[in-house]
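See structure below.
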Amino acid sequence: MSYEEIVASNVRRLIEQNKVEQKELAKALGTTPQSLNNYLSGTRKFPIGLIPPVADYFKVSIDFLYGREG
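Last residue of the sequence shown: 71 in the working numbering, with the numbers rising by one and none dropped.
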């Protein structure tokens, strides 16, 4: 599994667990809901530059997003 797939999977899980709408997260990240959907579905690679803001938004570590800690 590539890092993009791992990150996307973990972000999808965080979205579900925290009951966050994709459009709300997209706005907080400064991207469009369509772009975020593309990253989460694997249509486009998850940009490395969005990983720290996602970690900050959900108050998790970057290692968590990469699947290195539970």
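Here a beta-carbon is modelled for each residue, glycine too, at the ideal position from N, C-alpha and C.
Quick one: which unbroken alpha helix (DSSP H) runs of 4-plus residues sit fully inside the stretch 26–71? Chain order, please. 34–42, 52–59 and 63–66
Residue range of the alpha helix (DSSP H) that residue 22 falls in? Neither: residue 22 is in no alpha helix (DSSP H) and is coded neither H nor E.
Where does residue 3 fall in DSSP's three states? In the structure shown, the three-state DSSP call for residue 3 is coil.
Taking all protein chains shown into account, do 16 or more other C-beta atoms lie within 10 angstroms of the C-beta of residue 19, making it buried, or fewer, making it exposed? exposed
Measure the alpha-carbon distance for residue 67 versus residue 21 and round it to whole angstroms. 20 Å
Sorted by chain position, which residues of the same chain lie with C-beta nearer than 8 Å to residue 51's C-beta, five sequence neighbours on each side aside? The residues 30, 32 and 40, in chain order, have a CB closer than 8 Å to that of residue 51 in the same chain once the five nearest residues on each side in sequence are set aside.
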